[in-house]
Amino acid sequence: MNAFTPETTQPAGVPSPAGAGAGERIVIPVLAEQAQVNLQRERTGTVRVRKVVHQVTEPVAATGYREIAETTRVPVNQVVEAVEAPRTLGDLLVIPVYEERLVRQLVLVEEIHVRRRRESFEHTVATSLRREEVIVERLDPATHEWVADRF
């Protein structure tokens, strides 16, 4: 006998079933029901999803930079021993200009000073921007019209 089989004894004064003696055990079977669920599709409504693209032109501000080269001629008129290459002093480029004279002298006639300066400026550009909007609608069964869902 297993743990799930109920045991009973015949109460006093109740006749025992045929084939069972007094004081014998009677085994009563235990039954269990099982449910089976079947799913069936049923159309309960209709939904439509639309996407609308809106295009808007908006001004967009941007900061730009430009470099400006300022040149200055600086007269020197000085006799020198040898030619020097252009040199940089901070943000200043110095370009020497030489001339040979009849007496075979090398004269530094002038220097060209080139200074670079950086300026910033504001600039506004009209830019086209797109934005998408999604519209969810349901078909009203009574009126057969599309009604937008409110979120």
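Take our numbering: the last position of the sequence shown gets the number 154, and nothing is skipped along the way. Using N, Cα and C, we set each Cβ at its ideal position, and we do this for glycine too. Given the structure is predicted, the values throughout are model-derived calculations rather than measurements.
- Linking alanine 38 to tryptophan 149 through their CA atoms gives a straight-line distance of about 40 Å.
- Counting only residues of its own chain and dropping the five nearest sequence neighbours on each side, threonine 127 has a CB closer than 6 Å to the CB of Pro62 and Ala64.
- For isoleucine 71, the secondary structure class from DSSP, reduced to helix, strand or coil, is strand.
- The Cβ atoms of glutamate 135 and valine 52 lie no closer than 9 Å to each other.
- Setting aside the 5 residues that flank it on each side, threonine 130 is surrounded in the same chain by Thr60, Glu61, Pro62 and Val63, each with a C-beta closer than 8 Å to its C-beta; the list follows chain order.
- The C-alpha of valine 100 lies about 25 Å from the C-alpha of glutamate 70.
- Straight through space, the alpha carbons of leucine 92 and alanine 85 are spaced by roughly 20 Å.
- Here valine 112 really is in contact with glutamate 102; their C-beta atoms are around 5 Å apart, less than 8 Å.
- The beta carbon of leucine 95 lies closer than 8 Å to those of His116, Val117 and Arg118 in the same chain, with the five residues before and after it left out.
- Nearest to proline 78 by C-alpha distance, out of Gly48, Glu27, Thr47 and Val97, is Val97.
- Arginine 120 is positioned such that its CB atom lies closer than 9 Å to that of alanine 72.
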